[in-house]
Amino acid sequence: MTDDAFVGDVPAGVGAIVVGTFPLASGQWFVPHSHPQHQLAWARRGVLGVAVDESYWVLPRTRALWLPAGVVHRTGATRDAVLCSLYFEPDRCDQGWTEPTPVGVDGLLAHLIAYLGQENLPDDARLRAEAVVLDLLRPLPTTPIDVPSPADDRVRVVADALLADPADSRSLEAHARGVGVSRRTLTRLFVHDTGMNFDRWRTHVRLRASLPLLAEGQPVSRVAHAVGYATASAFLAAFRRTVGTSPGRYLNGDVPPVPSPPSCTEASNLASPDVT
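Next up, the structure:
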């Protein structure tokens with residue numbers, strides 16, 4: 002857990018699940034925090050981003066992210082959005098996912114989440130609905146696109162420039178001149194600090210920057226140019242080469258499911274908590 006992270010309190014519910022809803026303005030991010038409960042973060046409206054260390058997930062309405070209890074994370078949105086969080090009491094859940102796990106969200110699960118968001122729902126109806134929610138949780142095998150942060154000040158200057166403008170087309174040599182080192186030195190520092198060479202790291206930055214735009218429904222050609230690719234085909238080739246699937250399949254989870262979902266002995270949601 003990072004030094005500046007705090008633990009968010011969530012009020013107890015009738016069963017094992019509590020639901021909270023949080024409007025997010027464009028560019029708004031919650032500070033690093035964790036919960037003693039497991040959390041399922043989902044965008045009721047708009048597109049969310051969730052960061053855990055160097056990993057970053059983009060969540061359109063078709064997917065949510067399971068965050069195990071105690072995992073420090075940040076949640077935010079690049080455009081106006083509504084975060085819907087489900088909190089699962091660990092002592093009432095036999096959950097088997099020990100790492101952040103993307104989960105597919107179909108129409109039925111979305112409707113059930115909204116149903117559980119009603120504060121006046123009778124207890125017996127709430128518990129029955131929660132059991133169905135638990136049955137519907139299905140993990141997606143896709144992984145986040147990691148963008149490790151460098152420690153060296155010179156590399157960080159280059160990294161910050163690319164994060165601010167993924168379409169920046171300057172070469173490694175040009176960046177090296179800008180921070181007063183040789184091309185060879187910057188190459189070595191990039192690998193040392195991030196575990197990736199410059200080209201691979203920049204590709205990850207560009208692909209990660211493309212996901213919120215694609216999730217908003219922007220055309221692939223426009224997204225490709227926005228993140229630094231001359232053509233849509235070049236962007237799609239880079240995405241497939243790096244991630245192993247197309248952007249559409251990545252975002253929609255249109256791939257074979259893997260591990261079994263967590264199971265809980267009980268479930269419930271009551272009042273909306275004050276943190277996400």
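If you number the sequence shown the way my numbering does, the last residue is 277 and the count never jumps. Where is the CB? At the ideal position from N, CA and C, for every residue including glycine.
Candidates the options, of which the one nearest residue i by Cα
{"i": "E55", "options": "W43, G196, A168 and D92", "result": "G196"}
{"i": "T246", "options": "T102, E90, I146 and A168", "result": "I146"}
{"i": "G47", "options": "C85, W67, V32 and A227", "result": "C85"}
{"i": "P149", "options": "R80, H205 and V59", "result": "H205"}
{"i": "P61", "options": "A42, H74, R129 and R75", "result": "A42"}
{"i": "P91", "options": "V20, P167, A70 and Q29", "result": "A70"}
{"i": "L66", "options": "T79, A78, D81 and G50", "result": "G50"}
{"i": "R157", "options": "D194, R178 and R139", "result": "D194"}
{"i": "R64", "options": "R139, G28 and R75", "result": "R139"}
{"i": "A82", "options": "G28, V159, Q119 and Y230", "result": "G28"}
{"i": "V59", "options": "E131, R209, A227 and R250", "result": "R209"}
{"i": "V133", "options": "R201, P123, Y116 and N121", "result": "Y116"}
{"i": "Y57", "options": "S170, P213, D161 and G249", "result": "P213"}
{"i": "E100", "options": "Y88, R80, D125 and V73", "result": "V73"}
{"i": "T102", "options": "V53, D154, D200 and V180", "result": "V53"}
{"i": "R80", "options": "A44, R93, R189 and C94", "result": "A44"}
{"i": "C94", "options": "G77, R127, E131 and N121", "result": "E131"}
{"i": "V32", "options": "T243, R178 and R75", "result": "R75"}
{"i": "Y88", "options": "G118, A225, Q40 and H34", "result": "Q40"}
{"i": "D136", "options": "G105, D124 and A160", "result": "G105"}
{"i": "R207", "options": "L190, L173 and H226", "result": "H226"}
{"i": "S211", "options": "F199, L252, R171 and F191", "result": "L252"}
{"i": "V244", "options": "T188, R201, F191 and R171", "result": "R201"}
Cross-strand partners of residue i (DSSP beta bridge)
{"i": "G105", "result": "R64"}
{"i": "L41", "result": "W67 and L87"}
{"i": "Y57", "result": "A52"}
{"i": "H36", "result": "According to DSSP, H36 bridges with nothing at all."}
{"i": "R46", "result": "V83"}
{"i": "V30", "result": "The sequence shown places Trp at residue 30, not Val. Partner(s): G77."}
Unbroken beta strand (DSSP E) run spanning residue i, endpoints
{"i": "Y88", "result": "A82 to F89"}
{"i": "V19", "result": "I18 to L25"}
{"i": "V51", "result": "L49 to V53"}
{"i": "G77", "result": "R75 to G77"}
Residue-chain proximity (residue i, chain D), Cβ-Cβ < 8 angstroms
{"i": "E217", "result": "Although the question refers to chain D, the structure presented lacks it and comprises just one protein chain."}
Where the alpha helix (DSSP H) containing residue i begins and where it ends
{"i": "R171", "result": "First-last for R171: undefined, no H or E at that position."}
{"i": "R242", "result": "A233 to V244"}
{"i": "V221", "result": "V221 to A227"}
{"i": "E131", "result": "D124 to L137"}
{"i": "N253", "result": "P248 to N253"}
Distance cut-off 7 angstroms: residue i Cβ against heavy atoms of the ligand HEM
{"i": "S222", "result": "Among the components modelled here there is no ligand, and therefore nothing to report on the ligand HEM."}
key: Cβ contact check for the segment 172 to 185 and the segment 215 to 230: 3 or more pairs under 8 angstroms   = no
inquiry  = Extract the residue ranges of the alpha helix (DSSP H) inside the segment 173 to 219, only unbroken runs of 4 or more that lie entirely within it.
reply    = Segments of the alpha helix (DSSP H) lying fully in the segment 173 to 219: 173 to 179, 184 to 195 and 199 to 216.
inquiry  = Would the segment 129 to 145 count as touching the segment 154 to 170 if we require 3 or more Cβ pairs under 8 angstroms?
reply    = no
ask   = Are three or more beta carbon pairs between the segment 95 to 112 and the segment 19 to 37 nearer than 8 angstroms?
value = no
query = Which runs of the alpha helix (DSSP H) fall wholly inside the segment 142 to 168 and span at least 4 residues, in chain order?
reply = 154 to 165
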